[in-house]
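Heads up: the sequence shown begins at 2 in the working numbering, then just goes up one per residue. By construction, the Cβ of each residue, glycine as well, lies at the ideal position given by its N, Cα and C atoms.
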Amino acid sequence: MSEPLKDKPQKAEKKIKIHPEGSRAKEKTEEITHYLRDMQYEPLHSREMTLTLCEVIRTRVKELMIPRYKTVILVHIGQLNGQGMQISSRCLWDPNFDTFVSHSFKNTSLFCSATVYGIYFE
């Protein structure tokens, strides 16, 4: 008689809480507002500010110490001159584990859109 088939080991189910409390998320958006509140649009300064905001956001995300996630951070700053703008992105996405957060800001001179993607990494 043949031996019964042994069960294959099951993969552990991924159960991770990745959403920070609302107050912590609010603090992060207030920080962007703090950096840009009184800024006037200048192309060269906006380029530097984009890099600065990416670094600030990256540091804050690392402080959350969320394991097994890779992050992608996008910041766009442009002149507010009555024009419209749409920003879109595409990627392979697992809606059960991957996530993102986005924040928009504008004053009388400029607009800013910041998005952080969290992609689960096995």
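Item, Value
"Take F122 and list the residues in its own chain whose beta-carbon comes closer than 7 Å to its own, dropping the five residues that flank it on each side.", "R69, Y70 and K71"
"If we count Cβ pairs, one from each stretch, closer than 8 Å, do we get three or more for the segment 108–118 versus the segment 75–95?", "yes"
"What residue does the alpha helix (DSSP H) around S47 start on, and which one ends it?", "P44 to E64"
"How long is the line joining the alpha carbons of C183 and R38, rounded to whole angstroms?", "Because the chain here runs from 2 to 123, residue 183 falls outside it and cannot be looked at."
"Express the C-alpha separation of P96 and I67 in angstroms, rounding to a whole number.", "17 Å"
"Looking only at its own chain, which residues have a Cβ that is under 7 Å from the Cβ of V62, when we skip the five neighbours before and after it?", "T72 and V117"
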